[in-house]
Structures are given as structure tokens and as C-alpha cells.
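Residue numbers (our numbering), protein chains in the order written: chain A, -1 to 163; chain B, -1 to 163. I have placed the structure first, in the form of C-alpha cells, so that the comments after it can refer back to it.
There are 2 protein chains.
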Amino acid sequence: MEVRRIIGIDPGLAHTGFGIIDALGNKIKLVSYGVIETPSDEEHGTRLLAIYNRLQAVLMEFKPQQSAMEELFFAKNVSSALGVAEAKGVVTMCLAQNVIPLCQYKPAQIKYSVTGTRSADKSTVQQYVKILLNLEVEPKPDHAADALAAAITHVFSTAGMDYEI
Amino acid sequence: MEVRRIIGIDPGLAHTGFGIIDALGNKIKLVSYGVIETPSDEEHGTRLLAIYNRLQAVLMEFKPQQSAMEELFFAKNVSSALGVAEAKGVVTMCLAQNVIPLCQYKPAQIKYSVTGTRSADKSTVQQYVKILLNLEVEPKPDHAADALAAAITHVFSTAGMDYEI
């Protein structure tokens, strides 16, 4: 069995979270996490370019072999959903350019994989991310924790095992 | 007064139309137009990457100095709107990467600039694109004509003149 390196990404125009883990079967270890922030007073295209450039740098540095994202669903805030979709397009293109396969997971599936319940709230997911990765503190900001949750879901889904406490 | 080269783009996951014109004041001349098609049986990321790569090639070949797009509005078909938004994100990022300023125009504004009425239908817009650019036939497919219409709108808006028959 070989170690797989997985990047989870939570795309957004203002904040794109990323989290990288190494997995051996369903054993996981944190490699890195962070957030790509783009200031709202910058031009739209400049912000999307910053996401692309900084994600490229992260992929170059950590060389993940697989990637995971939450499936996009339509929020009530249509204009923010559009920004998220545009950022997601850039992220998806960048992953394809680096020949990193992408799997997408439904929000309920991520909650279930990480916490064991489909209706867990955000803070419960973050707590479980901390426990599962043996971290001393919960990963901040939320976008990084959500990205790590997607990466963890990918490991558990593709290792063919459920998480057991 | 210098000739400006403008690219209009009509982004979409399956079809991204583009149209390039040269403008001297409000005098315009067709340079090229076409459509970037991506097959629906290909992976999502591969399709977005194809849009990026082929748009890059178009920008390298024709070197437009300015760009124009129609503002995205939400169609009834939410899933196709998401694909359009993702493609638009990739296109917008690619333009920023090539340092080509982008202006966006509302659908009614494009119709008005090109036809003189805000409620013109698609085929009227295409007819006027043909007339304004002195073409022998209407540009096909629709996506290319819509891209040219955005480019024409940009010329008339920024040359500070309305089109007069």
C-alpha cells in the first residue's frame, strides 16, 4: 500500500480554502492547510488570477496526486453563488492542467464521512477534522477546515472503509 | 486615433464563442470569429482546460487589447448556469493573465447598441452584426455572433458614440 497525497479544496472568490493530507489506507496525516484570500477591492479577473496563481504554487509545492471538493449547490445568495462557481471553474481547470483527478462529494456525504452523521453542523465537522488529524487546535479559517473535510471524505470513500470511533 | 483590437466572448461549458474586431473610433472591421467546443462526454476539468488552452491560443494569435462579455444572469436552467459561470471564471482569469481589460454589458445594452432597440430578438441581433461588419452571411454559430455583438457594444460604448443608420 502506498501513501496517497490528497488536496481538498473549498473554492470561493474571496476565500479558497485548501487542505492537504497524506493517507495510507484510511490512516491520515495532515500535511498543510491554508486559505487563498483575495481582496474585494481588486478587479474580478485579478482575484480569479490570484486564486489560479496561488493554487498553482500550492500544487507545485506539495504535489498532491488526487483532489476532492464539495459539490456546488445553489445558495440563496445568487450573486455569491456565481462568484463561487467562477472560482470553482478556475480551480477545476487548474487541477486538470496539473493532471490531478478530482472527486466531488455532496455536503451530506462529507458530514457523514467526517462525523458519522449527515446533519452535523459546521462546528462539529471542524471538531472532527481536528480529532481525525490529531491536531492541537481546530483548523482555521472555516474554508481550510471544509477543504480538509473534503480530503478526508475522499480518503474514507476511496479506501472503501467507513470511519469508526 | 489608433486602431483598437477588441475580443468579445460568450462563455459556456459546451460552446464558448469569440469574435475579434478592429475599431477606429466607431468604425469597425471583422478580424475573426469562432467557437470553442468541448464534447459533453469529456471530464468537466478537461473541458474547462480546453477552453483555457484554446482561448490562450486565440489571444496569442490575435493579440486583442480590450475585451467584452455579456453580464451573466441566472437562467431558469440552474445546472447550465453553473457550467456557464465556471467557464466564465476560466475566461475571466485567462484575460487577466494576458493583461487584457474586460468590460461587461447587460443583455439589453448589447441589444440596444447593436440594433437600436432593447427588446431585439436573437436573430435580429445576428442580422445587425452582419450589417455592421459588412459580412456576406450572418456569423454562425449563435455564440460567435453573440461574442461579436459584445465586442461591437464595447466599441460603441467606449467610443462615446451611438450607432446611427
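Where a beta carbon is used, it is the ideal one built from N, C-alpha and C, also for glycine. Because the structure is a prediction, the values reported are computed rather than measured.
Contact between the stretch 138 to 149 of chain B and the stretch 13 to 25 of chain B: three or more CB pairs below 8 Å? yes
With 8 Å as the threshold, decide whether the Cβ of T36(B) is near any Cβ in chain A. Taking the first residue of the second sequence as position 1, residue 36(B) is located at position 38. Chain A contact via Cβ: absent.
Is it buried or exposed, L22(A), if we count other Cβ atoms within 10 angstroms and call 16 or more buried? Walking along the first sequence from the start, residue 22(A) turns up at place 24. So L22(A) counts as exposed.
From the beta carbon of L53(A), is the nearest beta carbon of chain B less than 8 Å away? In the first sequence, residue 53(A) corresponds to position 55, counting from 1. It does not: the Cβ of L53(A) has no partner Cβ on chain B nearer than 8 Å.
Looking at V88(B) and G194(A), is the spacing between their C-beta atoms short of 8 Å? Here chain A has residues from -1 to 163 only, and residue 194(A) is not among them.
So who's on the other strand from A66(B), going by DSSP bridges? Here residue 66(B) refers to the residue found at position 68 of the second sequence. Looking at the DSSP assignment, A66(B) forms a beta bridge with G6(B) and C101(B).
Closer than 7 Å by beta-carbon distance: list the chain A residues that pair up with T44(B), in chain order. Along the second sequence, read from residue 1 onward, the residue named residue 44(B) stands at position 46. Correct list: A94.
What are the partner residues of L28(B), as DSSP defines its beta bridges? The sequence position of residue 28(B) within the second sequence is 30, counting from 1. Its beta-bridge partners are I19(B).
Outcome for K109(A) when other beta-carbon atoms lying within 10 angstroms are tallied against a minimum of 16: Locating residue 109(A) in the first sequence gives position 111, counting from the first residue. With 16 or more other Cβ atoms within 10 Å, it is buried.
Identify, in the order they occur along the chain, each residue of the same chain with its Cβ nearer than 8 Å to the Cβ of V29(B), setting aside the five sequence neighbours on each side. The count along the second sequence starts at 1 and reaches residue 29(B) at position 31. Once the five neighbours on either side are set aside, the close Cβ partners of V29(B) are R3, I18, I19, D20 and F60.
Go through the stretch 31 to 60 of chain A residue by residue and report every complete run of the alpha helix (DSSP H) that reaches 4 residues or more, in order. 42 to 60
Can you look up T113(B) in the DSSP assignment and give me helix, strand or coil? Residue 113(B) sits at position 115 when you count from the first residue of the second sequence. T113(B) falls in the helix class under three-state DSSP.
At least 3 beta-carbon pairs within less than 8 Å: the stretch 78 to 86 of chain A vs the stretch 121 to 135 of chain B: no
Starting from L130(B) and walking both ways along the alpha helix (DSSP H), at which residues does that stretch end? Along the second sequence, read from residue 1 onward, the residue named residue 130(B) stands at position 132. Counting along the chain, the alpha helix (DSSP H) containing L130(B) begins and ends at K120 to L130.
Return the chain-ordered list of same chain residues with a C-beta closer than 6 Å to the C-beta of K120(B), the five sequence neighbours on each side being excluded. One-based indexing of the second sequence puts residue 120(B) at position 122. Excluding residues within five positions, none has a Cβ falling inside 6 Å.
Which stretch, first to last residue, makes up the alpha helix (DSSP H) that contains V172(B)? In the structure as shown, chain B begins at -1 and stops at 163. Residue 172(B) is therefore absent and cannot be evaluated.
Give a yes or no on whether 8 Å exceeds the smallest Cβ distance from A149(A) to chain B. Start at 1 with the first residue of the first sequence, and residue 149(A) comes out as number 151. So no, A149(A) is outside the interface.
So is G90(A) in contact with chain B if we call contact Cβ pairs under 8 Å? As a position in the first sequence, residue 90(A) is number 92, starting the count at 1. The question names Gly, yet the displayed sequence has Thr at residue 90(A). Yes, T90(A) lies at the interface with chain B (some Cβ there is under 8 Å from its Cβ).
Under 6 Å Cβ to Cβ from L57(B), same chain only, skipping five residues before and after it: list those, please. In the second sequence, residue 57(B) corresponds to position 59, counting from 1. These residues qualify, in order along the chain: N96.
With a Cβ-Cβ cutoff of 8 Å, do T36(B) and L70(B) count as a contact? Taking the second sequence and counting its residues from 1, the one referred to as residue 36(B) is at position 38. Taking the second sequence and counting its residues from 1, the one referred to as residue 70(B) is at position 72. Contact flag unset, no.
Kindly list, in the order they appear in chain A, the residues whose Cβ is closer than 7 Å to that of Y110(B). Indexing the second sequence from 1 puts residue 110(B) at position 112. Going along chain A, no residue has its Cβ under 7 Å from Y110(B), so there is no contact; the nearest lies around 24 Å.
Do Q64(A) and I98(A) have their C-beta atoms closer together than 8 Å? For this step, residue 64(A) is matched to residue 66 along the first sequence. For this step, residue 98(A) is matched to residue 100 along the first sequence. Cβ atoms of Q64(A) and I98(A): closer than 8 Å.
Straight-line CA distance for G43(B) to M(-1)(B)? Working through the second sequence from its first residue, we reach residue 43(B) at position 45. Working through the second sequence from its first residue, we reach residue -1(B) at position 1. Taking the straight line from one Cα to the other gives about 42 Å.
If you compare alpha carbons, which of S111(A), K104(A) and Y31(A) is closest to P62(A)? As a working note, residue 62(A) is residue 64 in the first sequence. Here the closest residue by C-alpha is Y31(A).
Go ahead and label S38(B) buried or exposed: buried means 16 or more other beta carbons lie within 10 angstroms of its beta carbon, across all protein chains shown. To locate residue 38(B), count along the second sequence from 1; it is residue 40. The residue is exposed, with fewer than 16 neighbouring Cβ atoms inside 10 Å.
Chain A contact for L130(B) (CB, 8 Å cutoff): Translated into positions along the second sequence, residue 130(B) becomes position 132. No - not a single Cβ of chain A is within 8 Å of the one on L130(B).
Taking only beta-carbon positions, decide if A145(B) is within less than 8 Å of chain A. The count along the second sequence starts at 1 and reaches residue 145(B) at position 147. It does not: the Cβ of A145(B) has no partner Cβ on chain A nearer than 8 Å.
Of all Cβ atoms in chain B, is any one closer than 8 Å to the Cβ of G87(A)? Reading the first sequence from its first residue, position 89 is the one you call residue 87(A). For G87(A), the answer is yes, since a Cβ of chain B falls inside 8 Å of its Cβ.
Please check if any C-beta of chain A sits within less than 8 Å of the C-beta of L133(B). Along the second sequence, read from residue 1 onward, the residue named residue 133(B) stands at position 135. So, not an interface residue.
Verify the contact flag: V127(A), CB atom, against every heavy atom of the ligand COA, threshold strictly below 7 Å. Ligands are entirely absent from the displayed structure, and the ligand COA is therefore not among its contents.
Any idea which residues DSSP pairs T14(B) with across the strands? In the second sequence, the residue the question calls residue 14(B) occupies position 16. The partner list for T14(B) (beta bridge, DSSP) reads I34(B).
As assigned by DSSP and simplified to three states, the class of E0(B): Residue mapping note: residue 0(B) aligns to position 2 of the second sequence, counting from 1. The answer is coil: DSSP assigns E0(B) none of H, G, I, E or B.
Please name the residue in Q107(B), L93(B) and M67(B) whose C-alpha comes closest to that of R52(B). What you label residue 52(B) is simply residue 54 of the second sequence in a count that begins at 1. Considering only alpha carbons, the answer is L93(B).
L93(B) in three-state terms, based on DSSP: Taking the first residue of the second sequence as position 1, residue 93(B) is located at position 95. Reduced to three states, the DSSP call for L93(B) is helix.
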